[in-house]
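The block underneath contains the structure these notes are about, expressed in structure tokens.
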Ligand SMILES: Cc1cc2nc3c(=O)[nH]c(=O)nc-3n(C[C@H](O)[C@H](O)[C@H](O)COP(=O)(O)OP(=O)(O)OC[C@H]3O[C@@H](n4cnc5c(N)ncnc54)[C@H](O)[C@@H]3O)c2cc1C
């Protein structure tokens, strides 16, 4: 069996794992990031019309950040020099209250906090963070299946997509995996039952959800004075938005209201057809003729959703209680977005939690002697 050694192993290469790796690499600490999928980014996924990762993509995962309320991500975007632009919202909003009545059209009043998108999609964050890390610091297609605590550190058992087992010895572990998924790994010794229960009860934000995209040759709804924003109690999309890219590739997207089980029964083709019927009802016949469509069902993605995520639960609540207790306390730090003390569930939470976890492990590997660090 192959063996590797590192000072800090990071489990998960989503935004939190990448941010933690960046902090630690910049602090001069030896780090190895282990990602189960063949790609980095986790819930961040920006793709072309066909669903392939693209540098000018549609955001099948997160689209938005709110700079005024989320200073951590605003600072990261600025530091990485990533151009951004406001969510298109000029024009009227459509409200579909019930199927037997014509949809209402209204001009929104009042001021919503500015909602921003990244040029190229939120995948630009992933590309910029990964680009700043030597390729030797990350392994994709490598899932962690077990962690064993020893006197000198932690032994992680990993399996590649091809089924090859590898053992990694690390002084410290940063787990950048949603707590629910982390709880499914084999820990020796086991975590205290209260802690394990808390991990299992922490809902992974947006894991039960799915997005539908329709791509068009032009944003025709704008000509009709519509912003592309719609709310519907009729469905199958409950909330619809303009998803046109900064480069001008036109699209509308919506969050699906049928739950994971109903979606699995329907299948993507029937879902796409029902969504296009709704779009044509709201935006006219041109909406029936997209260039392409995409459905991304996060509940069907095992690297995001656990079985318990098939039931939608509430938004994670910020908490200052420790995420790790007992014997693991000095060797393991959690940093998925859900574990953040601010903006848990959001990209901003992932950035915040990663910084906190990086600080914790740097203090531990330096025996508490550090004054600076990440
Ligand atoms: C549809 C949708 C819309 C969203 N919209 C927004 C939005 O507009 N704004 C916003 O701020 N947030 C939004 N979010 C939330 C946002 O995506 C998350 O907060 C953020 O991406 C979480 O990053 P993370 O690194 O904490 O977790 P993740 O992105 O989930 O990363 C965890 C990583 O761990 C990997 N992994 C899992 N198990 C293992 C294992 N055993 N071994 C190795 N690797 C493993 C996974 O493959 C994944 O890459 C949305 C999410 C979704 C799904």
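Numbering (our numbering), first residue to last: 3 to 376.
From the three backbone atoms N, C-alpha and C, an ideal C-beta is built for every residue, glycine too.
Here the structure is a predicted model, which means the values were calculated and not measured.
Ligand 1 and residue i: does any heavy atom of the ligand fall closer than 6 Å to the residue's C-beta?
i: residue 121; result: no
i: residue 1; result: Outside the shown range of the chain, which is 3 to 376, sits residue 1, and nothing can be said about it.
i: residue 13; result: yes
i: residue 64; result: yes
i: residue 16; result: yes
i: residue 146; result: yes
i: residue 37; result: yes
i: residue 208; result: yes
i: residue 44; result: yes
i: residue 348; result: yes
i: residue 339; result: yes
i: residue 300; result: yes
i: residue 158; result: no
i: residue 236; result: no
i: residue 141; result: no
i: residue 188; result: no
i: residue 211; result: yes
i: residue 352; result: yes
i: residue 305; result: yes
i: residue 179; result: yes
i: residue 183; result: yes
Our contact map puts residue i next to residue j with C-beta atoms below 8 Å; I'd like the distance itself, whole angstroms only.
i: residue 265; j: residue 309; result: Wrong, their Cβ atoms sit about 15 Å apart, outside the cutoff.
i: residue 383; j: residue 239; result: Absent from the model: residue 383. The displayed extent of the chain is 3 to 376, so no value can be given.
i: residue 207; j: residue 27; result: About 27 Å; that fails the 8 Å criterion.
i: residue 47; j: residue 125; result: 7 Å
i: residue 182; j: residue 204; result: 6 Å
i: residue 367; j: residue 21; result: At roughly 18 Å, the Cβ-Cβ gap does not stay under 8 Å, so residue 367 and residue 21 are not in contact.
i: residue 295; j: residue 274; result: 5 Å
i: residue 38; j: residue 145; result: 4 Å
i: residue 330; j: residue 193; result: 6 Å
Would you report the Cα separation of residue i and residue j, rounded to the nearest angstrom?
i: residue 337; j: residue 19; result: 8 Å
i: residue 24; j: residue 369; result: 21 Å
i: residue 373; j: residue 360; result: Bear in mind that the predicted position of residue 373 carries a pLDDT of just 46, short of 50, making it too unreliable to give a figure here.
i: residue 214; j: residue 130; result: 26 Å
i: residue 236; j: residue 100; result: 6 Å
i: residue 59; j: residue 36; result: 25 Å
i: residue 133; j: residue 105; result: 46 Å
i: residue 303; j: residue 311; result: 11 Å
i: residue 57; j: residue 269; result: 28 Å
i: residue 324; j: residue 5; result: 31 Å
i: residue 313; j: residue 113; result: 33 Å
Can you tell which of the options has the C-alpha that lies nearest to the C-alpha of residue i?
i: residue 70; options: 102, 118, 104; result: 118
i: residue 260; options: 51, 234, 77; result: 234
i: residue 40; options: 113, 246, 141, 59; result: 141
i: residue 209; options: 347, 38, 364; result: 347
i: residue 243; options: 250, 254, 237, 88; result: 254
i: residue 158; options: 174, 181, 290; result: 174
i: residue 155; options: 170, 102, 281, 138; result: 170
i: residue 17; options: 262, 351, 291, 105; result: 351
i: residue 153; options: 304, 333, 354; result: 333
i: residue 248; options: 7, 88, 51, 64; result: 88
i: residue 139; options: 10, 198, 83, 61; result: 10
i: residue 49; options: 343, 329, 297; result: 297
i: residue 110; options: 304, 76, 93; result: 93
i: residue 198; options: 185, 323, 320; result: 185
i: residue 344; options: 330, 320, 329; result: 320
i: residue 365; options: 6, 14, 29; result: 29
i: residue 98; options: 281, 222, 363, 288; result: 281
i: residue 165; options: 231, 176, 147, 228; result: 147
Bridge partners for residue i per DSSP, in chain order?
i: residue 168; result: 4, 160
i: residue 48; result: 61
i: residue 239; result: 258
i: residue 86; result: 120
i: residue 108; result: 95
i: residue 310; result: Its beta-bridge partners do not exist; DSSP assigns none.
i: residue 67; result: 118
i: residue 174; result: 10
i: residue 34; result: 11
i: residue 215; result: 255, 296
i: residue 334; result: 175
i: residue 144; result: 162
i: residue 189; result: 149
i: residue 232; result: 96, 242
i: residue 55; result: 49
Within 7 Å (strictly less), CB to CB, does residue i reach chain D?
i: residue 18; result: Looking at the structure shown, chain D is missing, and only one protein chain is on hand.
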